[in-house]
Amino acid sequence: MTTPEQSQDFSAQGDNVHREWHRFKYPGSLIKYGIFLGVLLFFSYSVHYLNIPLERMLGMFGRLGDVLSNRYYPPDLEYIADIDYLGAIIETIQMAYLGALFGIIISVFLGWFSAYNVSPSRAFIYPVARLFAMSCRSVHEMIWAILFVTILGFGMLPGVLALTMFSIGFAGKLFAEEIESVDMGQVEAIRAMGGSHLQVFVFGVFPQVRVAFTGIAIYTWDVAFRAATVVGFVGAGGMGWYLKRNVQQIETERTAAILITIIALVVISEFISAWARTRVSKAK
Amino acid sequence: MAILEVDNLRSKYTFSGPEILKGISFQVEEDDFFAIIGPSGAGKSTLIRCINRLIEPSSGSIKLHGTDMLSLKAGELRRMRRHIGMIFQEFNLINRMSVMDNVLSGRLGYVGSLRSIFRVFTNKDIQCALELLERVGLKDHIDKRADQLSGGQRQRVGIARALMQEPNLLLLDEPTSALDPKISREVMGLIRTMATELKVPVLCNIHDVQLAKEFCNKIIGLQDGMKMFDGPTETLDQSNLDEIYAMEVL
Amino acid sequence: MPNSSSVLTVDDIVRVRRKKQAVQFSFYLVLIGLVLWSIQATIINDTDWDRIGSLSDIGNSISHFIGIDFDLIPDLLGPTIETFMIACIGTLLGLIICIPAMWFGALNVTPYKPVTYPIARVAMTLSRSIHEIVWALIFVSAVGLGAFAGILAIAARSLGFIAKMSAEAIENIDDKPVEAIRAMGGSQLQVMLYAILPQVMPVILGIVIFEWEINIRRSSILGLVGAGGLGLVFFRQMNTFNFPGVTTVILAILGLILIGEIASHFARKAMI
Numbered sequence: 022m023t024t025p026e027q028s029q030d031f032s033a034q035g036d037n038v039h040r041e042w043h044r045f046k047y048p049g050s051l052i053k054y055g056i057f058l059g060v061l062l063f064f065s066y067s068v069h070y071l072n073i074p075l076e077r078m079l080g081m082f083g084r085l086g087d088v089l090s091n092r093y094y095p096p097d098l099e100y101i102a103d104i105d106y107l108g109a110i111i112e113t114i115q116m117a118y119l120g121a122l123f124g125i126i127i128s129v130f131l132g133w134f135s136a137y138n139v140s141p142s143r144a145f146i147y148p149v150a151r152l153f154a155m156s157c158r159s160v161h162e163m164i165w166a167i168l169f170v171t172i173l174g175f176g177m178l179p180g181v182l183a184l185t186m187f188s189i190g191f192a193g194k195l196f197a198e199e200i201e202s203v204d205m206g207q208v209e210a211i212r213a214m215g216g217s218h219l220q221v222f223v224f225g226v227f228p229q230v231r232v233a234f235t236g237i238a239i240y241t242w243d244v245a246f247r248a249a250t251v252v253g254f255v256g257a258g259g260m261g262w263y264l265k266r267n268v269q270q271i272e273t274e275r276t277a278a279i280l281i282t283i284i285a286l287v288v289i290s291e292f293i294s295a296w297a298r299t300r301v302s303k304a305k
Numbered sequence: 183m184a185i186l187e188v189d190n191l192r193s194k195y196t197f198s199g200p201e202i203l204k205g206i207s208f209q210v211e212e213d214d215f216f217a218i219i220g221p222s223g224a225g226k227s228t229l230i231r232c233i234n235r236l237i238e239p240s241s242g243s244i245k246l247h248g249t250d251m252l253s254l255k256a257g258e259l260r261r262m263r264r265h266i267g268m269i270f271q272e273f274n275l276i277n278r279m280s281v282m283d284n285v286l287s288g289r290l291g292y293v294g295s296l297r298s299i300f301r302v303f304t305n306k307d308i309q310c311a312l313e314l315l316e317r318v319g320l321k322d323h324i325d326k327r328a329d330q331l332s333g334g335q336r337q338r339v340g341i342a343r344a345l346m347q348e349p350n351l352l353l354l355d356e357p358t359s360a361l362d363p364k365i366s367r368e369v370m371g372l373i374r375t376m377a378t379e380l381k382v383p384v385l386c387n388i389h390d391v392q393l394a395k396e397f398c399n400k401i402i403g404l405q406d407g408m409k410m411f412d413g414p415t416e417t418l419d420q421s422n423l424d425e426i427y428a429m430e431v432l
Numbered sequence: 100m101p102n103s104s105s106v107l108t109v110d111d112i113v114r115v116r117r118k119k120q121a122v123q124f125s126f127y128l129v130l131i132g133l134v135l136w137s138i139q140a141t142i143i144n145d146t147d148w149d150r151i152g153s154l155s156d157i158g159n160s161i162s163h164f165i166g167i168d169f170d171l172i173p174d175l176l177g178p179t180i181e182t183f184m185i186a187c188i189g190t191l192l193g194l195i196i197c198i199p200a201m202w203f204g205a206l207n208v209t210p211y212k213p214v215t216y217p218i219a220r221v222a223m224t225l226s227r228s229i230h231e232i233v234w235a236l237i238f239v240s241a242v243g244l245g246a247f248a249g250i251l252a253i254a255a256r257s258l259g260f261i262a263k264m265s266a267e268a269i270e271n272i273d274d275k276p277v278e279a280i281r282a283m284g285g286s287q288l289q290v291m292l293y294a295i296l297p298q299v300m301p302v303i304l305g306i307v308i309f310e311w312e313i314n315i316r317r318s319s320i321l322g323l324v325g326a327g328g329l330g331l332v333f334f335r336q337m338n339t340f341n342f343p344g345v346t347t348v349i350l351a352i353l354g355l356i357l358i359g360e361i362a363s364h365f366a367r368k369a370m371i
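Chains as they are written, first to last, in this note's numbering: chain A, 22 to 305; chain B, 183 to 432; chain C, 100 to 371.
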C-alpha cells in the first residue's frame, strides 16, 4: 500500500529494455535551429549597423518621461480652442470621408476586376487591376500626399486625392478577397442565363457581399480618418498643418494639445465605427 | 482501508443555485474498476471532477489514502493532483505537440520551472514514456503531432500520459464517448489491463451501460444528484436500471 | 372572430412601406447633400484653381516624374537596407513590448481584471490612434535623429495591432488542454507553457508577419521627419526638384515591399 507522499513506482514492473529517443533530429532540427540562428545574427548585425545604443535604451525611458512631463505638459489647450483650428478639424473630417467615399466606390469596381473568379477579362483586366491595387496599397499615404501637393499645390484637393488612393489600396484588396470567396453557384446561374459581366456582378456577386462590404467600408473610413489627421503635415489640408508648424517652431506644449485632439478624434471615430460595424453584422 | 473514501459529497454551481450532487457516499478499493452510470445531467461529470477538485464541492469529504482533499491549500492540492491521473472524453491533448511530448507532460507535476521551459526530462522519464507508448501500441507514432492521430490513438496517448504520473487513482470522464464502438472496447480493455497490472484503482464515468457491465466490477448509479445503486456489477439488474434511468423514459 | 380594426388591409401595408421608403429616401438625400456640400466647401472653394492650371498643365507636371535617375541608385542601397532593418527590429521590439500588453489584455489570463485589463486596452488604443509620423516626431525629440527613433516609432505603432489580435487569440483558446495540465498538478507557469502557448504561438506569429509587411511600408516614410531610411532620400529629392529621383525612390520602396510580400508568403507556408 503506498501513501500519497510517494506515488507508485512503475519502473519496478518495467522490462529494463533500453530504448532510444532523441529530441534533436537530423536534418530537421538542424535546419530549424540554423534558420533561427541566422535570423538572430541578422538582428544583431542590424543593431550594430544602425548604431543602436542598447545601453542607452533603459535610460531612454527616463529621458522620454522627462521630455514628456517637462516640455509637453501642460498642453496648451487655449491654442486649440481657436476657431481656425476647429475649422481645420472639420476639414480633416470632411477630407477623410470624401476620400474614403470616392475610394470605396472605385474599390467596388477595382475589387470586381481584381477578383479572379468574376473578373471580366482574366488575361488583361485582372493583372492590371491587381497591379493597380497593389501599387495603391504599397505607396504610403504621406507619399501620395506629397505627390499630389507637388502637382496641385497646397489645399484639400490633394488631401482628398491622397486619401482616395489610400482607401483604394486598403479597400480594394479586402473587397477582392470577399468577392473571391462567394458561392459560385449564384454566379453560374446568372452566367448560364446569358448575363453580361456587369449583370453577373450586380445580380450574382453583389447581393452576397453587400453586408461584408459595408463592414469593410466602415473600417476603411476609420483608417482613412487616421491618415487624414496627418496629411496636412505636407500641406494637404487639415489638422496636420498645425502639427507641422508647431513642431518646426518647437512649440511643444501646443504640439501636445494638437496631439490630444488627434487622439480624441481618432478614438471617437473608432467607437463610432465599431458601433456601426456591430450594428451591420447584427442586421445580417 | 479503501483508497478513496467519499462521504456525503454535495456540490452546487452557484451559492444560491440548485444542488447538483445531493450527498454522495462510496468507497473505492485498490483493485476496483468503479463505474458511475446514470442519465445525462445526473451529476456524473461533476462527481468525477469533484474528486480532484476541478470543480469545488460545497460540502462533504473526500479522502485519498486518508488525506482529506477538501482541506488542502493550493500548493498542497497541486502536489496531490500529481498522484491522480485523468483521462478525458475529448482527450485534452496538446494538439500541436508531438505524441512523445504529450506523454512526457504527464510528469509536469514533478518537474521544476526551469526544466519545464526547456522541456528537459530525465532519462528515466524518457524510458518510462517509451515503454508506455509501446504498451499502448503507439511505438510508430512517437514523433507525430497529436492532431495527426485518430480518435482511438489520441485516447491511447491520454492513457499513456495519465499513467506517466505513476498515479494512485485513475479518473476517467467518459473516455469512450467520442469513439466508435469497436475502438471503445479496445480502449476500455487497454485501460483495464494496464490498471490491473499496475495496481491502480479506477473511477470511471461512463455513458454506455453495456461497457460498464463488461469492464467494471462495481457500479454506482446516479440520478438527479442522488445515488440510486451501489454494488457489484453482477447485482445490477433491469429493475435497478429502470430506477436509475427513470427520467429518460419520461 | 377578428374584427375589422385588427386586420391589416392592403392599404395599411402599402402605407407603411411608402413611409419606410420615404424615410430611407430622405436619409440618402441628406447624405448626398452633405457630400455635395463637403465637396463644395473643401475642394472647390479651397483649391487654388489658377495655380493648378489646365489639364494639360497637370499632365505636364506629372510628366516630370516619368523617368528614372540612374545615378541615384547606388546611393539608395544603404537607406533601403536601413529601412528594411528598421522595419524588422521595430516589429521585433513591438512584439517584445506586446507580451505584457497581450497578457493583460486577454480576459481569461489577465492578472487583475479591474486594473490590468483597462490599462492594456488604453495602451492598445493609444498605440493605434497615433500615426507613425507622430510617433516618429515624439521619439526624435526624445532620442534624437536617426534609425533608433524610427525603430521606437514602429514598435510603438505596432503594439496596438499585435497586442489586440493576440489577446483575442488568447481569449479564444481551447481550454481542454488547460484542464488537463491543471488536473495533473501543473503550476500556473506550466499551464501557460504547455496548454496556452502552443495553441497561441502560431497565431501570434502570423499576426507578427502580417504587421511586419505593413511596417516596411511605414518605415519607408519615417525619414521624412528624420527617423532614418529612404524617407530622407525622398525628402531631399523632392526639395531639389529632382522628380525622376523621386520616382526612383518610390520604385525602390515598391521593390522592398515586394520582397516583404514574397518573404512573408514563404514564412507563412513554413509555419503550417
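We put the CB at the ideal spot given by N, CA and C, even for glycine.
- For B/Leu290, the closest Cβ of chain C is nearer than 7 Å.
- Under the Cβ distance rule, B/Ile308 counts among the residues neighbouring chain A, one pair being separated by less than 7 Å.
- In terms of Cβ geometry, C/Ile142 and A/Met214 do not form a close pair [threshold 7 Å].
- One finds Lys275, Glu278, Ala279, Ala282 in chain C with Cβ atoms closer than 9 Å to the Cβ of B/Phe270, taken in chain order.
- Cβ neighbours of C/Gln289 within its own chain (closer than 7 Å, five residues either side excluded): Ile280.
- Using a Cβ-Cβ distance cut-off of 8 Å, the segment 192 to 205 of chain C and the segment 250 to 267 of chain C are in contact, since at least three pairs of beta carbons, one from each stretch, lie closer than that value.
- Residue burial is scored here from C-beta neighbours: B/Glu348 has at least 16 other C-beta atoms within 10 angstroms and is therefore classed as buried.
- Contact between C/Ile185 and A/Met163 fails: their C-beta atoms lie close to 16 Å from each other, not under 8 Å.
- Within a 10 Å sphere around the beta-carbon of A/Ala144 sit fewer than 16 other beta-carbons, which makes this residue exposed.
- Under a criterion of Cβ atoms nearer than 8 Å, the residues of chain A adjacent to C/Thr224 are, in order, Val288, Glu291.
- In the structure shown, B/Cys232 adopts helical secondary structure according to DSSP, grouped into three states.
- Judged by pairs of C-beta atoms under 8 Å, the segment 207 to 222 of chain A does not touch the segment 173 to 193 of chain A, as fewer than three such pairs exist.
- Secondary structure in the segment 275 to 363 of chain B: the beta strand (DSSP E) runs of 3 residues or longer, each lying completely within the stretch, are 351 to 355 in chain order.
- B/Leu361 is outside the set of residues whose beta carbon lies under 7 Å from a beta carbon in chain A.
- Note on A/Lys194: 16 or more other CB atoms within 10 angstroms of its CB, so buried under the neighbour-count rule.
- With fewer than three CB-CB distances shorter than 8 Å, the segment 351 to 369 of chain B does not count as touching the segment 303 to 310 of chain B.
- For A/Arg44, no pairing in a beta bridge is given by DSSP.
- If only uninterrupted alpha helix (DSSP H) runs of at least 4 residues are considered, those enclosed by the segment 202 to 286 of chain C are 212 to 228, 231 to 242, 246 to 270, 275 to 282.
- Non-local C-beta neighbours of A/Val301 in its own chain, meaning closer than 6 Å and more than five positions away in sequence, comprise Thr235, Gly236, ordered along the chain.
- Under the three-state reduction of DSSP output, A/Gln229 falls in the helix class.
- Minimum Cα-Cα distance from B/Phe273 among the listed residues B/Arg289, B/Leu312, B/Val369 corresponds to B/Val369.
- Using a CB distance below 9 Å, the part of the segment 136 to 161 of chain A facing chain C consists of Met155, Ser156, Arg158, Ser159, Val160, His161, ordered along the chain.
- Judged by pairs of C-beta atoms under 8 Å, the segment 388 to 406 of chain B touches the segment 219 to 234 of chain B, as three or more such pairs exist.
- Residue-level contact check: C/His364 does not touch chain A, since none of the beta carbons of chain A fall below 7 Å from its beta carbon.
- The C-beta of A/His43 has fewer than 16 other C-beta atoms within 10 Å across all chains shown, which makes the residue exposed.
- Contact check for A/Glu274 and A/Pro95: beta-carbon distance about 7 Å, within the 8 Å limit, so the pair qualifies.
- For B/Pro414, the enclosing beta strand (DSSP E) has its first and last residue at 408 to 414.
- When 7 Å is used as the limit between beta carbons, A/Trp42 is near these residues of chain B: Met282, Ile308, Leu312, Ile324, in chain order.
- Burial state of C/Trp148 is exposed, judged by a 10 Å Cβ sphere holding fewer than 16 other Cβ atoms.
- The C-beta separation of C/Gly189 from C/Ile253 comes to about 3 Å, placing the pair in contact by the 8 Å criterion.
- In the same chain as B/Leu423, and ignoring 5 residues on each side of it, the C-beta atoms closer than 8 Å to its own belong to Val391, Gly403, in chain order.
- Between the alpha carbons of A/Glu201 and B/Ser241 lies a distance of about 58 Å.
- For chain C, the residues of the segment 228 to 260 of chain A that bring a beta carbon within less than 9 Å of one of its beta carbons are Arg247, Ala248, Thr250, Val251, Phe254, Val255, Gly258, in chain order.
- Within the same chain, and ignoring the five residues on either side of C/Ala351 in sequence, the residues whose Cβ sits closer than 7 Å to its Cβ are Leu175, Thr179, Leu329.
- Where A/Glu272 is concerned, there is no enclosing alpha helix (DSSP H), because DSSP gives it neither an H nor an E.
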